[in-house]
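Below: one structure, written as structure tokens.
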Amino acid sequence: MITFGGDYNPDQWDENVWDEDVHLMREAGVAMVTLGVFSWGNLELSDGVFDFGWLDRVMDLLHANGIGVDLATPTASPPIWLHQAHREVLPVSREGTRYWQGGRLGWCPSSPVFRRYALRIVERLAQRYGSHPAVRMWHVSNELGGGNRHCYCDVTAQAFQGWLQQRHGTVDALNKAWGTAFWGHRYREFAQVLPPRDSESAANPGLLLDFDRFSSDALLEHYLAERDLLRSIVGDTPVTTNFMVGTGPGVVDYARWAPHVDVVANDHYTISADPLRHVELAFAADRTRGLDRDRPWLLMEHATSAVNWQPRNRSNAPGELVRHSLAHVARGADGAMFFQWRASTAGAEQWHSAMVPHAGTRTKVWREVCELGALLGRLSEVAGSRVTADVALLYDDEAGWAWRAGQKPHHDLPPAHAARDYHRAFWRRGVTVDVVPPWADLSGYAVVVVPALYLVSDANARAVTAAAERGATVLVTYLSGIVDETNRVRAGGYPGAFRDLLGVVVEEFFVLADGERTELDDGAAASDWTEWVHADAADVVARFTTGPLAGVPAVTRRAVGAGEAWYVAARLDDAGIDRILDAAVAVPPVVPPRDGLEAVRRGRYLFLLNHSDVEYDIAAQGHDLVADRAVGGSLRLAPGEVAVVRS
Amino acid sequence: MITFGGDYNPDQWDENVWDEDVHLMREAGVAMVTLGVFSWGNLELSDGVFDFGWLDRVMDLLHANGIGVDLATPTASPPIWLHQAHREVLPVSREGTRYWQGGRLGWCPSSPVFRRYALRIVERLAQRYGSHPAVRMWHVSNELGGGNRHCYCDVTAQAFQGWLQQRHGTVDALNKAWGTAFWGHRYREFAQVLPPRDSESAANPGLLLDFDRFSSDALLEHYLAERDLLRSIVGDTPVTTNFMVGTGPGVVDYARWAPHVDVVANDHYTISADPLRHVELAFAADRTRGLDRDRPWLLMEHATSAVNWQPRNRSNAPGELVRHSLAHVARGADGAMFFQWRASTAGAEQWHSAMVPHAGTRTKVWREVCELGALLGRLSEVAGSRVTADVALLYDDEAGWAWRAGQKPHHDLPPAHAARDYHRAFWRRGVTVDVVPPWADLSGYAVVVVPALYLVSDANARAVTAAAERGATVLVTYLSGIVDETNRVRAGGYPGAFRDLLGVVVEEFFVLADGERTELDDGAAASDWTEWVHADAADVVARFTTGPLAGVPAVTRRAVGAGEAWYVAARLDDAGIDRILDAAVAVPPVVPPRDGLEAVRRGRYLFLLNHSDVEYDIAAQGHDLVADRAVGGSLRLAPGEVAVVRS
Amino acid sequence: MITFGGDYNPDQWDENVWDEDVHLMREAGVAMVTLGVFSWGNLELSDGVFDFGWLDRVMDLLHANGIGVDLATPTASPPIWLHQAHREVLPVSREGTRYWQGGRLGWCPSSPVFRRYALRIVERLAQRYGSHPAVRMWHVSNELGGGNRHCYCDVTAQAFQGWLQQRHGTVDALNKAWGTAFWGHRYREFAQVLPPRDSESAANPGLLLDFDRFSSDALLEHYLAERDLLRSIVGDTPVTTNFMVGTGPGVVDYARWAPHVDVVANDHYTISADPLRHVELAFAADRTRGLDRDRPWLLMEHATSAVNWQPRNRSNAPGELVRHSLAHVARGADGAMFFQWRASTAGAEQWHSAMVPHAGTRTKVWREVCELGALLGRLSEVAGSRVTADVALLYDDEAGWAWRAGQKPHHDLPPAHAARDYHRAFWRRGVTVDVVPPWADLSGYAVVVVPALYLVSDANARAVTAAAERGATVLVTYLSGIVDETNRVRAGGYPGAFRDLLGVVVEEFFVLADGERTELDDGAAASDWTEWVHADAADVVARFTTGPLAGVPAVTRRAVGAGEAWYVAARLDDAGIDRILDAAVAVPPVVPPRDGLEAVRRGRYLFLLNHSDVEYDIAAQGHDLVADRAVGGSLRLAPGEVAVVRS
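Chains as they are written, first to last, in my numbering: chain A, 33 to 679; chain B, 33 to 679; chain C, 33 to 679.
Set out below in structure tokens:
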């Protein structure tokens with residue numbers, strides 16, 4: 033089954049709305065709702081005083097109507113009374129001021145006080161509903177780190193010191209790793225290390241990166257505490273938490289969290305200002321799938337239409353809801369759930385779209401919600417099938433954090449820009465990509481892309497080399513392999529970790545000014561970033577022809593074992609990237625590529641999504657589950673239309 | 033009499049300058065000065081130690097020269113010794129840090145300590161000068177809220193809690209009004225509610241709006257305390273305070289303050305970057321007049337030329353001073369006063385223009401000050417006459433605050449944008465508009481415009497409907513009637529409060545990207561905002577032709593009783609608005625409209641201001657008070673010239 | 033000798049790297065290194081526990097290899113243990129929060145606790161190495177003020193009060209100077225004055241300027257304490273500290289610091305986004321030379337290529353390193369040193385270029401470092417020779433601070449914009465300029481330029497008049513002589529201090545909008561700033577022809593004694609400035625000007641630097657020290673090439 037549903041917050045409505053809710057859920061085909069995400073204050077009215085009556089009634093009502101429950105621990109949103117009694121649980125900013133009540137995730141991940149209160153409500157919930165027949169899944173807290181990613185308080189400082197001792201062993205090792213001799217910032221004992229609180233000048237990059245790591249681990253520790261407690265009470269029911277895998281580096285390190293969830297669950301929201309938001313969506317979905325390639329994942333939240341937190345929040349055009357949901361399913365999701373069921377009329381998210389909009393059911397949104405529900409029903413058989421890809425694209429939150437940690441050659445270049453540039457190029461050519469962490473097993477891939485992977489460990493770099501030797505085409509771009517795991521530059525010429533593999537040495541970066549372009553002799557143009565390359569043991573594929581690097585190699589290729597290794601020493605335009613992929617990549621497209629046509633194969637199923645305003649005839653054979661019709665050789669796809677052809 | 037004068041700060045100059053001051057005031061025709069606005073520190077030298085000698089001498093000197101005094105209580109600017117002795121009176125920022133001495137309005141409106149000191153100096157002043165023959169008016173403090181609009185301290189928190197109890201009665205009512213069930217932020221008692229201090233995520237819109245209301249009321253309470261004390265001592269002398277009515281939502285709710293001042297007095301400064309600043313000025317003046325339509329108002333401050341607080345501060349071109357002052361008079365001001373008399377050479381406002389500039393009297397500014405003084409003398413007979421308008425445009429600070437309070441579909445759209453769009457359209461067509469609060473008596477208006485009135489109460493919405501039924505043309509735009517007084521969205525389809533009146537239901541907003549445009553079939557173009565309209569019981573006047581809403585109604589009309597109700601579901605360009613007004617509005621212009629010609633009728637007087645660089649012949653009959661000449665059928669107005677024709 | 037070398041931080045590397053370091057230094061011709069700038073934490077391991085062993089070894093190694101040492105006191109970077117034991121030494125922000133460990137210059141200049149610790153380590157260093165044969169110079173701290181320019185703590189407040197008492201004598205004098213009567217902010221005693229901490233509105237400009245002055249003096253006091261202690265121990269060895277003279281107002285007042293250093297030493301970094309960075313470099317060098325015209329100066333730091341602290345950090349194109357270094361030498365530097373020797377792989381500056389880059393010696397950077405070392409060797413004879421100029425351009429940090437202190441007519445106009453506009457115009461025409469403080473001896477100059485010198489004292493203004501009377505051409509621009517030393521506007525018409533000299537009175541400024549232009553009748557165009565000038569006793573050279581000032585004089589000239597005084601009342605485009613200089617300035621160029629050709633005469637040496645991509649033939653005679661060849665009448669200079677011709 034492809035799970036269909038959304039976040040349900042019945043405690044925010046009068047009970048007399050519940051019946052209509054359940055009636056509409058059935059109409060739409062909702063199979064499961066995520067319940068109680070923000071209910072702590074409505075379940076524990078004051079310290080130790082609980083009221084589960086309303087939740088009992090909701091659970092029973094849902095169950096009676098055949099709707100499953102993904103039951104949330106409500107720890108994302110501590111009640112007011114807790115903040116008032118224990119102000120010390122609130123996070124402290126980098127500048128040293130403690131936040132106040134009124135937001136969400138208002139808690140320091142390292143606070144033992146918060147942990148105690150959180151586990152108590154979790155325990156009560158688990159005990160009460162652990163064997164309730166409606167429960168399909170447990171949902172720990174919500175978007176952990178989205179609000180409390182970093183806390184700079186003294187409790188955190190102490191936890192950080194302990195974490196550092198674990199990681200570095202001795203303070204001398206830490207000093208060496210971080211290069212604290214610079215600026216004479218040598219520590220004598222772990223107790224001297226503080227979080228990177230506001231100072232009057234730039235901070236140590238090693239400290240910044242380790243604080244990012246620690247912060248992720250501190251939140252993970254909280255997650256594990258809730259999970260383990262749940263596990264001890266609720267038995268085998270799957271436990272997860274909803275990630276926020278998107279384009280940039282995560283608020284936590286999802287690739288390292290993934291082994292700890294029973295199902296990888298993701299929240300994804302498109303960015304209104306991004307004209308290629310459906311391609312960004314594909315990137316996020318491919319990355320989510322890459323967190324656990326062995327199993328389908330769950331789209332835990334997306335939006336039926338506009339959100340409220342961007343400068344201008346775009347609504348979905350007609351048809352877009354279905355296409356976006358289906359794109360996630362195409363890329364491995366076994367469910368499409370929304371935040372939230374019924375649009376709030378009050379509260380901080382009153383302008384976030386929902387399955388039942390403010391205007392009710394006579395709306396495009398409701399029509400498409402129902403359409404999607406029915407469609408997912410017809411796609412049940414797709415559940416459990418796997419997406420396989422011949423191309424791996426390496427992506428790592430730690431590398432992104434490292435690139436952002438402190439002063440850099442180029443501060444306008446976001447960590448994931450190259451990952452998106454290359455992923456988009458494969459999207460254009462109809463080739464599916466697994467976005468995977470650098471330690472993923474690369475043995476099955478024909479192509480491995482290493483896009484501006486700033487930080488890489490020796491072991492992971494060796495795995496890339498091994499892939500080439502084994503026969504893969506490896507494509508490494510500028511800004512890869514630059515620092516080691518301690519965020520230290522690998523000396524001896526860039527791209528430190530990949531020099532030998534590529535047969536090149538880069539002596540210096542040449543950052544371009546905003547709007548500046550450098551030409552290549554193959555017709556490509558570079559912006560933002562170029563490098564002075566020595567192609568010592570590589571063939572030169574293209575050279576710069578303008579600027580201070582005129583004549584210098586820009587693209588190189590080297591035969592390596594049974595494979596080859598390419599280096600691209602500049603941020604190229606789309607045409608330039610396409611040209612390289614034409615030459616380097618032999619992976620055939622799922623179907624011949626067309627502008628705006630998304631084509632993904634999942635198991636026996638060919639997903640076709642026409643994001644363009646052009647009608648296409650596409651060669652296909654089998655049965656289209658969307659239209660429930662046989663497809664005999666060719667399928668006509670109108671603008672905006674979708675098809676899922678079982679072969 | 034049209035009062036002419038300005039703020040006079042003699043304590044900032046050596047006494048030997050005073051004689052020249054008074055001499056020049058007489059030369060310029062100054063009738064009244066606002067005295068002592070910033071004099072607290074010069075009157076109360078330390079706690080309880082007073083020095084009124086210099087003020088006695090100034091008062092007598094002014095009186096001896098026939099110059100009246102608008103005597104200010106000096107509470108806008110507490111003395112240094114007070115801040116040092118009672119640091120707790122200073123406001124606290126949202127982040128929780130207390131401000132320091134050195135600015136102005138450095139006090140928490142809820143501070144009992146400040147109130148005590150403030151009332152003591154007020155009492156002394158009132159006792160000493162209550163019967164001084166120079167006093168024409170009392171001026172409470174200065175621009176209240178301009179600096180201390182919001183304080184987040186604990187004293188404020190307590191006052192806020194009391195205010196909430198007054199407003200909501202029970203904490204359950206508050207929880208319901210704010211929808212605190214969302215994010216589980218239910219309060220158990222009023223003592224748990226805090227001002228919206230900095231939290232790690234978005235705040236509750238109900239809390240934000242109520243805090244805006246409370247803050248306005250806290251300042252009003254301060255004003256009333258001063259006023260009542262004055263009243264008890266000085267008898268019938270009018271008491272007022274200077275508002276800052278401009279384009280955006282006020283720092284306080286001026287429409288709700290207006291009943292508490294004996295004369296509505298306003299400070300107005302143009303915005304250098306606004307190429308249509310004279311139209312913005314007209315909007316502010318029409319809005320000031322709308323606060324109390326029964327009586328003339330007083331322009332308490334404007335600038336002779338540049339100010340100092342904008343990024344680039346434009347000086348007035350020759351003639352602009354007179355035109356701007358006269359525009360205020362045309363729209364109902366019975367006075368034109370400036371900040372300030374003599375330009376400071378030191379202090380925070382050393383670069384604010386004045387009536388006597390740094391360069392002295394051989395200046396354009398001084399010449400035009402004298403010219404204006406003489407001109408206002410010739411306009412004495414205009415005083416007391418009223419501006420009447422056939423068009424009401426509804427405007428409400430609460431609605432503006434609500435639109436700004438929290439996360440919204442479109443964060444780049446300022447609250448008053450639509451009010452200005454439509455006011456400007458009427459300015460172009462030479463039709464005078466009353467900008468009035470939504471609870472104003474609408475019975476006299478042929479046209480009622482409701483421009484993006486985001487928040488409206490049921491009662492006020494009913495009054496709009498009643499106006500239509502009575503025969504008025506009602507023109508409602510997008511984003512109107514969306515939330516109720518608690519800042520909750522009215523469910524069931526937008527524009528909630530006006531659906532029935534208009535015969536439309538809007539199912540969803542479609543915010544446009546920056547620079548994006550959607551076309552209409554009547555030739556108009558929309559930017560920023562469009563809506564998916566169902567014209568259930570309305571005629572479709574125009575439809576969208578491009579974008580996801582192609583074919584959807586954009587402008588509708590419905591017959592309602594003796595009148596009609598129009599809906600405009602998009603932000604249209606000027607031509608598009610003009611087209612609608614052409615079709616919907618039958619109000620004739622004061623004179624046939626010309627580019628850049630401002631024409632307003634005030635009682636028997638026709639004000640004509642030529643803001644353009646073109647010479648115009650205008651049909652008019654009577655006597656031009658400006659040139660003191662008879663006008664027999666036609667009047668030639670050179671570029672920049674003004675005329676006031678008594679018919 | 034032209035000193036060649038850089039900052040050397042051996043404590044940041046394993047000792048086994050030192051031998052290679054010294055070997056490479058010899059290869060490159062390094063004569064001196066700045067040692068130990070950030071070594072405090074490596075020398076004083078905990079309170080009073082010292083480890084000089086490694087430094088002994090480095091000193092001896094350098095000496096044994098003939099490399100001199102500029103030995104730094106390490107006070108720019110306090111050790112972690114000091115911050116932990118005495119958190120009170122850390123600066124406090126304007127908002128009132130104290131910074132934390134982890135940056136550099138993390139100390140309040142007025143802290144007696146910090147001073148005590150700082151002097152102890154200085155004393156130990158001086159005692160240990162005062163007579164070490166390697167020591168050539170002492171380098172006090174580093175870039176003082178770069179991070180701790182302003183501290184707002186209570187200790188600072190007290191020091192500030194004492195400073196104010198020194199400066200103003202009585203609190204009444206202070207009240208008068210600052211105009212505290214405005215807003216009633218009169219002080220009763222010095223103890224009431226606080227640093228300009230965050231208030232809810234704009235601050236007093238007199239307070240802001242005096243706080244800038246005090247802050248500079250507090251840092252100077254620290255410098256002097258270190259210097260005097262060194263002097264008492266190390267005898268005649270020169271003592272200096274590295275300035276950061278660039279384009280904007282300094283973090284301290286370098287012109288007033290200069291008499292206190294034995295050698296003026298400067299750090300200069302180009303700005304990547306500045307397309308004319310070589311001209312900005314010339315400005316900074318001319319300004320550095322102007323601090324002490326009697327002696328050569330030392331370029332203590334510049335970069336071999338990219339820095340790390342700008343948004344996008346540009347690398348030097350091939351040849352640029354040599355040209356930039358030589359441009360400093362041409363303008364009086366007797367040394368070209370870099371930050372730093374070996375590129376850090378860790379720490380906050382891991383992305384700052386160095387003499388030995390990450391990639392090692394097979395690099396453009398290393399080649400050019402060696403080339404430069406050799407070249408400077410061939411230029412030894414240039415050392416000690418002086419640059420003389422016929423043009424003085426007045427520049428004052430206090431004036432820049434005053435322009436930035438508080439609300440102004442135009443907030444987008446940086447203090448030094450006019451100084452750069454006019455300096456650049458002289459650069460274009462091949463005429464060398466001394467950038468000097470307003471109190472410099474002007475007797476030798478044929479031309480004195482006063483570019484937007486906002487603040488000037490009476491005495492300094494008189495000196496400008498005296499220069500004109502003596503025969504010089506004086507060229508004063510808009511925004512000059514506006515305020516006196518207390519930051520009070522000089523009343524009676526702008527440009528207050530220069531009205532009589534120029535024979536003009538300006539009645540009002542007319543700031544232009546962003547992108548707005550006003551034309552002049554000589555073909556020039558003005559942007560940003562124009563003025564309404566009365567040419568009472570001056571000839572009108574050009575008038576405005578558009579805008580509100582059409583017909584008003586824009587450029588005037590007046591005969592004064594044996595000289596003349598020009599006034600330029602607008603910010604003109606380059607062509608407009610060139611036209612004025614053509615008419616007013618008779619100083620011949622060093623060589624006939626060519627696009628992008630920099631030509632400077634230093635003593636017998638003609639420096640020629642071709643920044644263009646055009647080959648030039650230049651008339652010259654003598655011996656080119658760069659190519660070591662005779663020059664007989666003409667010299668051909670390829671694009672990018674340099675020559676130093678001894679005549």
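Built from N, CA and C at the ideal position, the CB exists for glycine as well.
Within chain C, the residues whose beta carbon sits less than 7 angstroms from that of residue 131 of chain B are 230, 231, 232, listed in sequence order. Ranked by Cα distance from residue 327 of chain A, the options A/333, A/364, A/308 are led by A/364.
In terms of Cα proximity to residue 106 of chain C, the closest of C/594, C/510, C/170, C/483 is C/170.
Only residues of its own chain outside the window of five on either side were considered, and among them 606, 609, 610, 613 have a CB closer than 8 angstroms to the CB of residue 457 of chain B, listed in chain order. Under a 10 Å Cβ-count criterion, residue 317 of chain B is classified as buried, with 16 or more other Cβ atoms of the shown protein chains found around its own Cβ. When only Cα atoms are considered, residue 358 of chain A and residue 404 of chain A end up about 9 angstroms apart. Contacts with chain A (Cβ-Cβ distance below 8 angstroms) from the region 530-542 of chain B involve 537, 538, 539, 540, 541, 542, listed in chain order.
Residue C/395 holds the alpha-carbon nearest to the alpha-carbon of residue 349 of chain C among C/292, C/395, C/373. With a cut-off of 8 angstroms on Cβ pairs, the region 466-481 of chain C is not in contact with the region 555-570 of chain C, counting fewer than three such pairs. Judged by their CB atoms, residue 539 of chain C and residue 389 of chain B are nearer to each other than the 8 angstroms cut-off.
The alpha-carbon of residue 463 of chain A is positioned some 9 angstroms away from that of residue 625 of chain A. Distances from the CA of residue 282 of chain B to each of B/531, B/391, B/92, B/428 were compared; the closest alpha carbon is that of B/428. Interface criterion not met: the Cβ of residue 207 of chain A is under 8 angstroms from no Cβ in chain B. Bounds of the alpha helix (DSSP H) holding residue 410 of chain B are 396-410.
Rounded to whole angstroms, the gap between the alpha carbons of residue 627 of chain B and residue 195 of chain B is 50 angstroms. The Cβ atoms of residue 271 of chain C and residue 172 of chain C lie closer than 8 angstroms to each other.
The straight-line gap separating the alpha-carbon atoms of residue 659 of chain C and residue 637 of chain C is approximately 14 angstroms. A straight-line Cα-Cα distance of about 36 angstroms links residue 83 of chain B and residue 189 of chain B.
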